[in-house]
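Residue numbers (our numbering): 101 to 370.
Backbone N, C-alpha and C fix where the C-beta goes; we use that ideal spot for every residue, glycine too.
Below you can see the structure in the form of structure tokens.
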């Protein structure tokens, strides 16, 4: 079974980060190996969460893995608590896939606690990535472009090309509002562009980006291509939201949709 080292925050309350990564990655037949960057009482969408820093965990854990002779087929990075942690992650290596979900902001603004220093570090990390998974805000920040609410395909291609110029080999832009009724992703798989469209539900749910990146990463490690992996990730997020009737700071109830992933994995094996 392939091992996916997952470098994220760990929130006790609120479905995000490592709290969703483990079950989702496991459901797709990969071993989730969690490495926390910070432990939080709640995700940062709640006011004033308590936190326990893992500021030096990345080099200490990695040194131990090296002493054990352990190698990871995949590495997926997400929420970093400081620019120093991003620099620590730059020395890590994966045998197959190094994936960066450059968590910085959304809706045109930085998340709380994020800023230019984190953006600079993530630009360097993206340079070694096999795949980057930014939303539109993060793509604009990383490429020093102005965020706009207008997203024609020409702009999506320009953002993608700018991210490739940073050094990333492949790109998936997430959370594309194709229309009032459709949301999805737009990507480049190293050869061709592709897009995915899914039904759009007018809800605000933290952690859906983490669900998307977990499914995409695990699917790729299983040998699927990027377009199919992104499509599966979008379908899964839609399945998680299907029964929700209102927005919730506690996140999408993904637990009820894990069977969806298991069935999908079995169908693809057959």
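Can you list, in chain order, the residues of its chain whose CB lies under 7 Å from that of residue i, leaving out five sequence neighbours each side?
i, result
"residue 349", "114, 145, 146 and 306"
"residue 294", "287 and 327"
"residue 111", "117, 119, 140, 142 and 143"
Less than 8 Å between the C-beta atoms of residue i and residue j, yes or no?
i, j, result
"residue 133", "residue 102", "no"
"residue 190", "residue 174", "no"
"residue 308", "residue 342", "no"
"residue 161", "residue 135", "yes"
"residue 310", "residue 117", "yes"
"residue 273", "residue 222", "no"
"residue 268", "residue 229", "yes"
"residue 339", "residue 315", "no"
"residue 262", "residue 245", "yes"
"residue 242", "residue 183", "no"
"residue 194", "residue 172", "yes"
Taking 6 Å as the limit between beta carbons, can you name the residues of its chain near residue i, skipping five residues before and five after?
i, result
"residue 159", "188"
"residue 282", "297 and 300"
"residue 264", "none"
"residue 106", "121, 132, 134 and 176"
Going by DSSP, what residues sit across from residue i in a beta bridge?
i, result
"residue 210", "205"
"residue 296", "285"
"residue 130", "DSSP output for residue 130 lists no bridge partner at all."
"residue 362", "In the DSSP output, where bridge partners are listed per residue, residue 362 has none listed."
"residue 136", "108"
"residue 198", "175"
Note the first and the last residue of the continuous alpha helix (DSSP H) segment covering residue i.
i, result
"residue 336", "326-341"
"residue 266", "253-266"
"residue 223", "216-226"
"residue 191", "It is not in any alpha helix (DSSP H) - residue 191 carries neither H nor E in the DSSP assignment."
Taking the beta carbon of residue i as the centre, do at least 16 other beta carbons fall within 10 Å, making it buried, or is it exposed?
i, result
"residue 219", "buried"
"residue 380", "Because the chain in this structure spans residues 101 to 370, residue 380 falls outside the shown range and cannot be described."
"residue 163", "exposed"
"residue 217", "exposed"
"residue 324", "buried"
"residue 178", "buried"
Note the first and the last residue of the continuous beta strand (DSSP E) segment covering residue i.
i, result
"residue 271", "270-276"
"residue 174", "174-177"
"residue 170", "First-last for residue 170: undefined, no H or E at that position."
Spatial neighbours of residue i within its chain, please: CB distance less than 8 Å, with the 5 preceding and 5 following residues excluded, ordered by chain position.
i, result
"residue 277", "251, 283 and 300"
"residue 358", "123, 124 and 127"
"residue 209", "237"
Regarding residue i and the ligand COA, is the C-beta to nearest heavy atom distance less than 7 Å?
i, result
"residue 107", "Ligands in the displayed structure: none, and consequently the ligand COA is not present."
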